[in-house]
Amino acid sequence: MRAEAISLDIWGTLLRSDPDFKPARNEMLRHALAADVDPDCFDEAMRTMDREADEICMARGTDVGFAERVQLTLAHLARPAAEHADQVVHLADIREDVVRELMEQQAQMAREHHPIALDDRIPALVAELAETRPVILTSNTGMLPGVLMRDLLALAGFTGNLGMVFSNEVGWAKPDRRIFEKTLTLAEATNGERIASSCVVHVGDNPLADEQGARDAGMTAVLVVPDGKSTVDALEALR
């Protein structure tokens, strides 16, 4: 499979979380914002609302970031016990400087427990492909903004001439075609000439965000499963 440019999803395609990161991050948030909530209950609320936030992100085509995800979690925790709407906790009740401090603490934890390549072979394969054509990482960011993801990708072994398009920076999120158009524009700038969208192969693990989104943008889509080997096979086929 020959492609003039390659677009790669990150989570579930290239990376997985360090298993120690989310428990530590969740405990930090619980201690700061909902110390009276049982830790297991808070973890479950974070998982539930993270999935819901991903669905919102894909439905509206714009990023659902750290602040909004924390708000969703706090509202979810307050909802069962609330008898009146004004009892629901909203992020607006939390000072902006507190939000910034929580994000800084999360960033420190993420660097200490950085993501891990799904397969040890993936970083080298991505670097090899980037030597011959534009390779752009196209990702919805969620809790971890693009400025932090650049550091985490480097810590996970992804170096070299990689373009990066993050939803919180460009204003659109997969599957919206406009984030893929940003990827195409960056690929053309890297290549120095026009590239037909059909000559861009996007590899990702989400049937809606990655496969359908890329196809709607006129790209060729390759759907993988988050086991690492599937990504290795896809990348080797693109050599």
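Here our numbering is used: the first residue of the sequence shown is 1, the next is one more, and so on. Where is the CB? At the ideal position from N, CA and C, for every residue including glycine.
Any idea if residue i is buried or exposed, counting beta-carbon neighbours within 10 angstroms, 16 or more meaning buried?
i: Pro23; result: exposed
i: Gln106; result: buried
i: Glu211; result: buried
i: Asp227; result: exposed
i: Leu234; result: One point to set straight first is that residue 234 is Ala, not Leu, in the sequence displayed. Buried, by the Cβ-count rule.
i: Asp120; result: exposed
i: Asn206; result: buried
i: Val225; result: exposed
i: Arg60; result: exposed
i: Ala217; result: buried
i: Glu83; result: Residue placement at Glu83 is flagged as unreliable, the pLDDT there being 41, under the threshold of 50; the coordinate-derived value follows with that caveat. The residue is exposed, with fewer than 16 neighbouring Cβ atoms inside 10 Å.
Taking C-alpha atoms, which residue in the options lies nearest to residue i?
i: Arg2; options: Asp54, Pro134 and Pro115; result: Pro134
i: Ala196; options: Asp205, Leu184 and Ile116; result: Leu184
i: His202; options: Gly160, Leu223 and Gly12; result: Leu223
i: Arg16; options: His31, Ala110 and Glu104; result: Ala110
i: Leu125; options: Ile10, Arg239 and Asp20; result: Arg239
i: Ile10; options: Gly163, Asn191, Glu4 and Glu181; result: Gly163
Please tell me whether residue i and residue j are closer than 8 Å, where the distance is taken between their beta carbons.
i: His114; j: Leu155; result: yes
i: Val165; j: Leu186; result: yes
i: Asp50; j: Arg25; result: no
i: Asn168; j: Gly65; result: yes
i: Leu8; j: Leu137; result: yes
Quick one: residues in its chain with C-beta nearer than 8 Å to the C-beta of residue i, no 5 flanking neighbours on either side, listed in chain order?
i: Leu77; result: Ala34, Val37, Cys41, Phe42, Ala45 and Val89
i: Ala85; result: For Ala85, the predicted structure reports a pLDDT of 39, less than 50, and the residue's modelled location is therefore unreliable. The matter cannot be settled from this model.
i: Ile56; result: Val64
Tell me the DSSP secondary structure of residue i in three-state form.
i: Val170; result: helix
i: Thr73; result: helix
Among residues of its own chain, excluding the 5 on either side of residue i, which ones have a beta-carbon nearer than 7 Å to its beta-carbon?
i: Glu101; result: none
i: Thr73; result: Ala45, Met46 and Met49
i: Thr132; result: none
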